[in-house]
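Undergrad:
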Amino acid sequence: MRVEVKARNNSELIRKLGEVLNDEVTEVYINLRPTKEILVRILERAPNVRRISCPPSLYPKVSKKAISALAQMGIELVPEGYPRGRPRKYDERTIKEVHNLVMSGVPPKEISARMGIPLRTVYYMIEQLGVRSWRE
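The sequence shown maps to residues 219 to 354 in our numbering.
1) Whose CA, out of Lys307, Asn228, Gly348, Arg233, lies closest to the CA of Pro336?
2) Please state if the CB of Leu295 and the CB of Arg263 are separated by a distance shorter than 8 Å.
3) Our contact map puts Val316 next to Val340 with C-beta atoms below 8 Å; I'd like the distance itself, whole angstroms only.
4) Between the C-alpha atoms of Asn249 and Val223, what's the straight-line distance to the nearest angstrom?
5) Can you pull the DSSP bridge partners for Val296?
6) Please classify Pro305 as buried or exposed, where buried requires at least 16 neighbouring CB atoms within 10 angstroms.
See below:
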């Protein structure tokens with residue numbers, strides 16, 4: 219059984235882990251960095267757990283010793299979905315299309331009108347792509 223536990227701080231997370239976990243749980247997702255205290259609480263309350271996951275942005279901050287200790291016990295600690303932060307407004311296809319139009323010599327003002335993207339955003343995309351040919 220999979221359980222997702224989300225909290226604002228470590229003490230709230232530890233409290234929720236105590237309420238939610240049981241012997242049937244095999245997968246746990248937590249939205250905070252898994253500290254030693256949190257990992258111990260998970261192992262105490264859910265002895266059959268085989269996988270613990272956390273957000274990809276927090277995974278690099280997890281202790282390497284904790285990851286290796288869990289691996290020795292046959293438990294994997296992995297980064298999983300749910301990225302933090304604001305989602306991108308324009309997808310990769312749109313950005314690539316802007317890049318192709320710029321490379322074919324279309325001025326930014328026309329790209330803005332064609333695609334319905336604000337002119338300032340078109341300039342920002344061009345700057346991020348490192349394209350200078352549209353000025354020449």
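Note that CB positions come from ideal geometry on N, CA and C, so glycine has one too. Being a predicted model, the structure only gives us computed values, none of them experimental.
TA: Judging by the given coordinates:
1) Along the sequence shown, read from residue 1 onward, the residue named residue 336 stands at position 118. In this structure, Lys307 is the residue among Lys307, Asn228, Gly348, Arg233 with its C-alpha nearest to the C-alpha of Pro336.
2) Numbered from its first residue, the sequence shown carries residue 263 at position 45. Numbered from its first residue, the sequence shown carries residue 295 at position 77. It is not a contact, given that the beta carbons lie outside the stated cut-off.
3) Taking the sequence shown and counting its residues from 1, the one referred to as residue 316 is at position 98. Taking the sequence shown and counting its residues from 1, the one referred to as residue 340 is at position 122. Contact holds; Cβ gap of about 6 Å.
4) Counting from one through the sequence shown, the residue named residue 249 turns up at place 31. Counting from one through the sequence shown, the residue named residue 223 turns up at place 5. Distance from the CA atom of Asn249 to the CA atom of Val223, rounded to whole angstroms, is 7 Å.
5) The count along the sequence shown starts at 1 and reaches residue 296 at position 78. Under DSSP, Val296 forms a beta bridge with Ser271.
6) Translated into positions along the sequence shown, residue 305 becomes position 87. By the 10 Å Cβ count, Pro305 comes out exposed.
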